[in-house]
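Here's the structure, in structure tokens; my notes come after.
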Amino acid sequence: MSDQHVYLEEVFSSIQGEGIFVGVRQVFVRFYGCNLRCSYCDTSETRAGNPVICRVWRGCEPGRFSETLENPLGVDIVADLIRDLWSPSTRHVSLTGGEPLLQSRFIRRLGERVEMPFYLETNSTLPGAAVDVAGVIDVAACDIKLEESGVEDDHGVLFKRSLETIEIFNDSDCLVFAKIMILPKTTVATIMPAVTSIAEINPEIPLVLQPVTPHRSNPERLIEMMDAAGRYLRDVRVIPQTQRVLGVL
Numbered sequence: 096m097s098d099q100h101v102y103l104e105e106v107f108s109s110i111q112g113e114g115i116f117v118g119v120r121q122v123f124v125r126f127y128g129c130n131l132r133c134s135y136c137d138t139s140e141t142r143a144g145n146p147v148i149c150r151v152w153r154g155c156e157p158g159r160f161s162e163t164l165e166n167p168l169g170v171d172i173v174a175d176l177i178r179d180l181w182s183p184s185t186r187h188v189s190l191t192g193g194e195p196l197l198q199s200r201f202i203r204r205l206g207e208r209v210e211m212p213f214y215l216e217t218n219s220t221l222p223g224a225a226v227d228v229a230g231v232i233d234v235a236a237c238d239i240k241l242e243e244s245g246v247e248d249d250h251g252v253l254f255k256r257s258l259e260t261i262e263i264f265n266d267s268d269c270l271v272f273a274k275i276m277i278l279p280k281t282t283v284a285t286i287m288p289a290v291t292s293i294a295e296i297n298p299e300i301p302l303v304l305q306p307v308t309p310h311r312s313n314p315e316r317l318i319e320m321m322d323a324a325g326r327y328l329r330d331v332r333v334i335p336q337t338q339r340v341l342g343v344l
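Next up, the structure:
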């Protein structure tokens with residue numbers, strides 16, 4: 096896709112349910128397409144192909160959208176949608192997916208037209224694209240995929256790219272935090288390579304340990320992971336997906 100047009104799944108205003116800005120109002124722009132296949136993906140509908148329409152939601156409840164627009168959408172149309180959905184309590188424009196960095200040229204162009212702060216949610220495996228957009232991103236939520244996440248690609252390569260991406264955003268003016276999905280078979284041993292690598296970049300980078308839903312969490316195991324990570328990083332948090340509890344998009 097060009098820097099002027101993009102395929103989107105949906106655009107809506109809601110409450111951020113994950114990460115260190117949980118509870119904050121955002122306008123969400125969900126991009127189509129992803130370069131990974133994770134076993135726990137909750138937006139698998141954005142993986143392949145190009146959607147004919149983009150849904151625009153005027154409320155926060157799932158299943159209620161107010162209009163559809165024909166894809167691909169021009170950058171000015173997306174900018175107008177963001178301004179239209181912005182409210183007095185809104186803090187960021189959340190660029191989510193799918194994988195937004197697949198459309199880095201469009202994001203950079205959108206950043207030239209929209210003055211609101213950009214919050215990027217990324218799988219962190221496209222460092223070249225991260226360089227392209229770093230100048231327009233205010234908050235970068237960077238996933239680090241563990242080997243047990245079920246990605247089909249070479250995990251060692253993905254891990255190296257993730258660290259490169261985190262370092263790129265850390266060196267820019269944006270606020271960056273890392274997120275690790277905690278699966279039933281995740282242990283202290285499997286998170287520590289990521290923990291120590293993040294600390295080598297910057298021990299001040301917050302780390303979120305996010306239990307994968309709908310699996311039942313083991314509090315003792317989570318606390319053990321927090322303590323192990325806390326020896327290297329100054330800000331370690333366990334934050335589940337709260338949008339399911341709130342019943343919002």
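Those letters in the sequence shown? Residues 96 to 344, per this note's numbering, in order. Where is the CB? At the ideal position from N, CA and C, for every residue including glycine. Computed from a prediction, not measured in an experiment: that's the story for all the values here.
Coil, strand or helix - residue i by DSSP
i, result
"P146", "coil"
"G169", "strand"
"S108", "strand"
"P86", "The first residue shown for the chain is 96 and the last is 344, placing residue 86 beyond what the model contains."
"S189", "strand"
"V303", "strand"
"L205", "helix"
"T141", "Any answer about T141 is weak, because its pLDDT of 47 lies below 50 and its placement is not dependable; what the coordinates show is given next. Of the three classes helix, strand and coil, the one that applies to T141 here is helix, per DSSP."
"E194", "coil"
"L131", "coil"
"R153", "coil"
"E319", "helix"
"R200", "helix"
"R125", "strand"
"R178", "helix"
"L341", "helix"
"V228", "helix"
Rounded separation between residue i and residue j - CA only
i, j, result
"K280", "A235", "27 Å"
"Q336", "F107", "18 Å"
"N265", "A273", "11 Å"
"R208", "G245", "38 Å"
"I275", "R186", "24 Å"
"L304", "P298", "16 Å"
"T260", "G230", "13 Å"
"D330", "M321", "9 Å"
"E210", "I239", "29 Å"
"I263", "P301", "15 Å"
"T141", "V101", "Low per-residue confidence applies at T141: pLDDT is 47, beneath 50, and the placement is therefore not dependable enough to give any value."
"D98", "A323", "43 Å"
"V188", "I286", "30 Å"
"K255", "P222", "10 Å"
"E315", "I334", "15 Å"
"R326", "L317", "15 Å"
"E319", "R311", "16 Å"
"T282", "S292", "17 Å"
"S184", "G118", "11 Å"
"D171", "L180", "14 Å"
"N145", "D249", "26 Å"
Beta-carbon proximity of residue i to residue j, cut-off 8 Å
i, j, result
"E104", "Y127", "yes"
"T163", "R153", "no"
"S219", "S257", "yes"
"L197", "L215", "no"
"L205", "A174", "yes"
"N166", "V147", "yes"
"V122", "I202", "no"
"F213", "D233", "yes"
"E349", "L278", "The structure shown has nothing for residue 349, since the chain only spans 96 to 344."
"T308", "R339", "yes"
"L270", "I110", "no"
"R351", "G193", "No answer is possible for residue 351: the residues shown for the chain start at 96 and end at 344."
Heavy atom of the ligand NAP within 7 Å of residue i beta-carbon
i, result
"L328", "For the ligand NAP, the structure offers nothing, since it holds no ligand at all."
Presumed contact (8 Å Cβ cut-off) between residue i and residue j, rounded CB distance
i, j, result
"A294", "L328", "6 Å"
Go through the stretch 233-300 residue by residue and report every complete run of the beta strand (DSSP E) that reaches 3 residues or more, in order.
-> The stretch 233-300 contains, as complete beta strand (DSSP E) runs of 3+ residues, the segments 234-238 and 270-277 (chain order).
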